[in-house]
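Numbered according to this note's numbering, the sequence shown spans residues 4 to 385.
Input: a single structure, listed below in structure tokens.
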Amino acid sequence: MRCALPLVLAILFTSLPHAVGDEARADKHATAAIRHAPNSLPPHPILDLVGHRADKNSVGHARNVALYTGEVPPFFFATHELGDIFSAARGQTIEWFPDHVVLDPRPPQPTNAPEPVTETRRVCVTKDDVVVCQIFLTNTSDKTAPHRIEIDGDCRRSFDWREKPAGDRFTERIGDRVLVRDTSVFPAFLTNGLSIAVGASERPNDVQISPPGTCQMFFSVPVSKHSTCSLILACAIHPDHRQAQKHLTAVLKQKEPLTENRKEWAAFFDEAVPRFACSDRGLEELYAFRWFLLRFSTAGGDLGYFKYPVVLEGRQAYQTYCCYSAPFMAFDMNWAVDPKPGFGHIATMAHAAYDDGRFPWYTSPRTNKVQLHHESRTLAQS
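And the structure:
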């Protein structure tokens, strides 16, 4: 649907520098060469307007799981940093979209010794907090070539915001899949810890589950000459191990899970929030990107002090619900068709308040006692 924005918002937009227009969109592509993955996903005007860029690496879906792809990608469950639990998300961004990212998983190879099989990975997070990686293998040689894929994960150093690693980890093999349980994740209210279920669309050649809290899967894939094939890997994250395994099974049964995920994001922009249109595509992109940020930064819901889903100050840094900025977030979210997101963001303040009615400065699922003047973890690591 479309709407007319308030005059004050229109004035704010028109006062922005012209750099947010077509010139800025051209600059965002300059950070890396864009290569389109095989079998491109269905087009969508808003997702493609905000996406088609190589300078971002965030992946999430308005639930508790978010990650940032890269050489060692951190995964988050709300404010708890899980670590590099699913190496399928490692790689350099080729192309980013609000609903997924396309990755090159390998460092550049010498031009005089190219590999016969090249990899491209497409990564998303579904509405059920399942991280999905579709690996495309392309063989440009004149003969069938074997290709080895190794996927690993490690949650032994996971920790909550401003805390230290603690608790026990367990790993078990269930058929061709692996189930990891991390008891350090919000132990005050997730009494069984957090479960991480990992599997693939094909049977692995080998699986390793030692030491506890880690897993490894190995695949050997023969790729026919002058052809492209794909393998789907998935990592489902949920407090209930049965739900984690159920969500994993559901995703691996889908023929095109990334297409299904894109449909969810398309429905958000098409049906859940107002559409803004004007003569400047840069302003349209800016408006749509704001809605992406609000959706991507959402976490919680029956999770400790996060009684309802809230928009965090940040997903990789500033991972807090801030009572002093909550009304400003709610002002934006109240433009949505469904009033529940805006209501929940404000209503959570009542659950985060102190016994005397005062509001805390910061709140995480675990605590509302974060001091205003606190030691900076960033400075401590520098």
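The beta-carbon is built from N, C-alpha and C at its ideal position, and this holds for glycine as well.
Q. On the three-state DSSP scale, how would you describe T129?
A. Position 126 of the sequence shown, counted from the first residue, corresponds to residue 129. In the structure shown, the three-state DSSP call for T129 is coil.
Q.
Could you check whether R184 and G196 sit closer than 7 Å to each other, using their CB atoms as the reference points?
A. Against the sequence shown, residue 196 aligns to sequence position 193. Against the sequence shown, residue 184 aligns to sequence position 181. Going by C-beta atoms, G196 is nearer than 7 Å to R184.
*Sufficient close CB pairs (3 or more, under 8 Å) joining the stretch 290–300 to the stretch 70–89*: No, they do not touch.
My output table needs one value for S204: the three-state DSSP class, helix, strand or coil. Position 201 of the sequence shown, counted from the start, is the residue given in the question as residue 204. Annotated three-state conformation of S204 is coil, per DSSP.
Check: Where does the unbroken alpha helix (DSSP H) through E274 begin, and where does it stop?
Finding: Mapped onto the sequence shown, residue 274 falls at position 271. Counting along the chain, E274 falls outside any alpha helix (DSSP H), and DSSP gives it neither H nor E.
* To do: Put V313 into one of helix, strand or coil per three-state DSSP.
  => For this step, residue 313 is matched to residue 310 along the sequence shown. Reduced to three states, the DSSP call for V313 is strand.
7 Å Cβ cutoff met for D155 and I240:
Here residue 155 corresponds to residue number 152 of the sequence shown, with the count starting at 1. Here residue 240 corresponds to residue number 237 of the sequence shown, with the count starting at 1. Judged by their CB atoms, D155 and I240 are not nearer to each other than the 7 Å cut-off.
Here's a check: name, in chain order, each residue in its chain whose Cβ is nearer than 7 Å to the Cβ of P76, leaving out the five neighbours to either side.
Counting from 1 along the sequence shown, the entry for residue 76 is found at position 73. Contacts found: L70, D87, A92 and R93.
Going by beta carbon distance, what residues of the same chain come within less than 6 Å of A356, once the five residues before and after it are set aside? Position 353 of the sequence shown, counting from 1, holds the residue named residue 356. Cβ contact annotation for A356 (same chain, cutoff 6 Å, sequence separation greater than five): F362, in chain order.
Practice item. For S90, name the three-state secondary structure that DSSP assigns. Key: In the sequence shown, residue 90 corresponds to position 87, counting from 1. If DSSP states are grouped into helix, strand and coil, S90 belongs with the helices.
query: Start and end of the beta strand (DSSP E) containing G347?
result: Here residue 347 is taken as the residue at index 344 of the sequence shown, counted from 1. Premise fails: G347 lies in the alpha helix (DSSP H), K343 to A355, not in any beta strand (DSSP E).
Quick check: the Cα distance between A270 and E98, rounded to an integer number of angstroms? Walking along the sequence shown from the start, residue 270 turns up at place 267. Walking along the sequence shown from the start, residue 98 turns up at place 95. The alpha-carbon atoms of A270 and E98 are separated by roughly 22 Å.
Given a cut-off of 7 Å on the beta-carbon distance, is the pair A81 and N67 in contact?
Locating residue 81 in the sequence shown gives position 78, where the first residue counts as 1. Locating residue 67 in the sequence shown gives position 64, where the first residue counts as 1. Cβ atoms of A81 and N67: closer than 7 Å.
Shortest alpha-carbon distance to S213 belongs to which of H244, D243, R172 and K343? Working through the sequence shown from its first residue, we reach residue 213 at position 210. If we check each option's Cα against that of S213, R172 comes out closest.
Residues near R160 by beta carbon distance below 8 Å, same chain, minus five either side: Position 157 of the sequence shown, counted from the start, is the residue given in the question as residue 160. Sequence-distant partners of R160 (beyond 5 residues in either direction) whose C-beta falls short of 8 Å from its own C-beta, in its chain, are G86 and P168.
Requested in this report: Excluding the 5 residues preceding and the 5 following R318 in the sequence, name in chain order all residues of the same chain whose CB lies nearer than 6 Å to its CB.
Outcome: As a working note, residue 318 is residue 315 in the sequence shown. Once the five neighbours on either side are set aside, the close Cβ partners of R318 are A69 and S300.
Q. Of the choices G345, S198, C281 and P260, whose alpha-carbon is the least far from that of R245?
A. In the sequence shown, residue 245 corresponds to position 242, counting from 1. Cα-wise, what sits closest to R245 is S198.
Residue from C325, S230 and V201 whose Cα sits closest to the Cα of E175: Locating residue 175 in the sequence shown gives position 172, where the first residue counts as 1. Out of C325, S230 and V201, V201 has the C-alpha closest to the C-alpha of E175.
In whole angstroms, what separates the C-alpha of S230 from that of F189? Your numbering for residue 230 matches position 227 in the sequence shown. Your numbering for residue 189 matches position 186 in the sequence shown. C-alpha separation (whole angstroms): 46 Å.
query = Assuming K130 contacts H64 under a Cβ cut-off of 8 Å, what Cβ separation, rounded to an integer in Å, is found between them?
reply = Position 127 of the sequence shown, counted from the first residue, corresponds to residue 130. Position 61 of the sequence shown, counted from the first residue, corresponds to residue 64. Right, the Cβ-Cβ distance comes to about 5 Å (below 8 Å), so this counts as a contact.
- Query: The alpha helix (DSSP H) with Q248 in it runs from where to where?
  - Reply: Taking the first residue of the sequence shown as position 1, residue 248 is located at position 245. Per DSSP, Q248 is one residue of the alpha helix (DSSP H) stretching across H244 to K256.
### Alpha-carbon to alpha-carbon, Y308 and T370
If you number the sequence shown from 1, residue 370 lands on position 367. If you number the sequence shown from 1, residue 308 lands on position 305. C-alpha separation (whole angstroms): 7 Å.
Point to revise | Cutoff 8 Å; reference D243; Cβ partners in own chain excluding five residues on either side | key: Counting from one through the sequence shown, the residue named residue 243 turns up at place 240. Shown here for D243: same chain residues with a beta carbon closer than 8 Å to its own, the five before and five after excluded, namely N195 and S198 in chain order.
Problem - Rounded straight-line distance, which links the Cα of V126 to that of H55 - result: Working through the sequence shown from its first residue, we reach residue 55 at position 52. Working through the sequence shown from its first residue, we reach residue 126 at position 123. The C-alpha of H55 lies about 15 Å from the C-alpha of V126.
### Query
From G285 to A302, what does the alpha carbon distance come to, in whole angstroms?
Looking up residue 285 in the sequence shown gives position 282. Looking up residue 302 in the sequence shown gives position 299. Using only the alpha carbons, I get a separation of about 28 Å.
Using the three-state DSSP reduction, which class does S189 fall into: helix, strand or coil? In the sequence shown, residue 189 corresponds to position 186, counting from 1. Checking the sequence, you will find Phe at residue 189 rather than Ser. Coil, per DSSP.
TODO: Could you tell me whether the Cβ atoms of I138 and R124 are closer together than 7 Å?
DONE: Stepping through the sequence shown from its first residue, residue 138 is reached at position 135. Stepping through the sequence shown from its first residue, residue 124 is reached at position 121. In contact: I138 and R124 (Cβ atoms closer than 7 Å).
7 Å Cβ cutoff met for V120 and L106:
Within the sequence shown, numbered from 1, the residue matching residue 120 stands at position 117. Within the sequence shown, numbered from 1, the residue matching residue 106 stands at position 103. The answer is no: Cβ separation not under 7 Å.
For F295 and T17, the rounded distance between their alpha carbons: Numbered from 1 along the sequence shown, position 14 holds the residue referred to as residue 17. Numbered from 1 along the sequence shown, position 292 holds the residue referred to as residue 295. Confidence is the limiting factor: at T17 the pLDDT is only 30, short of 50, which leaves the residue's position unreliable, though a coordinate-based value still follows. Each residue's CA atom was taken as its position, placing T17 and F295 some 21 Å apart.
Is it buried or exposed, P101, if we count other Cβ atoms within 10 angstroms and call 16 or more buried? The residue given as residue 101 occupies position 98 in the sequence shown. By the neighbour-count rule (16 or more Cβ atoms within 10 Å), P101 is buried.
E153, enclosing beta strand (DSSP E) - first and last residue
Counting from one through the sequence shown, the residue named residue 153 turns up at place 150. That run of the beta strand (DSSP E) goes A148 to D157.
For A169, which beta-bridge partners are listed by DSSP?
Counting from 1 along the sequence shown, the entry for residue 169 is found at position 166. According to DSSP, which records beta bridges pairwise, A169 is partnered with nothing at all.
* Looking at C-alpha atoms only, which residue of Y324, I235 and R109 is the closest neighbour of H354? -> Taking the sequence shown and counting its residues from 1, one reaches residue 354 at position 351. Among Y324, I235 and R109, the Cα nearest to that of H354 is on Y324.
Kindly indicate the opening and closing residues of the alpha helix (DSSP H) around Y308. Stepping through the sequence shown from its first residue, residue 308 is reached at position 305. Unbroken run through Y308: none, as it is neither H nor E.
Residues near G304 in its chain [Cβ-Cβ closer than 7 Å; skip 5 each side]: For the purposes of this step, residue 304 is taken as the residue at position 301 of the sequence shown. Excluding residues within five positions, the ones whose Cβ falls inside 7 Å are Y311 and P312.
What residues in its chain sit with their C-beta under 6 Å from that of W164, if we drop five residues either side in the sequence? In the sequence shown, counting from the first residue as 1, residue 164 sits at position 161. Here W164 has T82, Q322 and S367 as same chain residues with Cβ atoms under 6 Å from its own Cβ, once five neighbours each way along the sequence are excluded.
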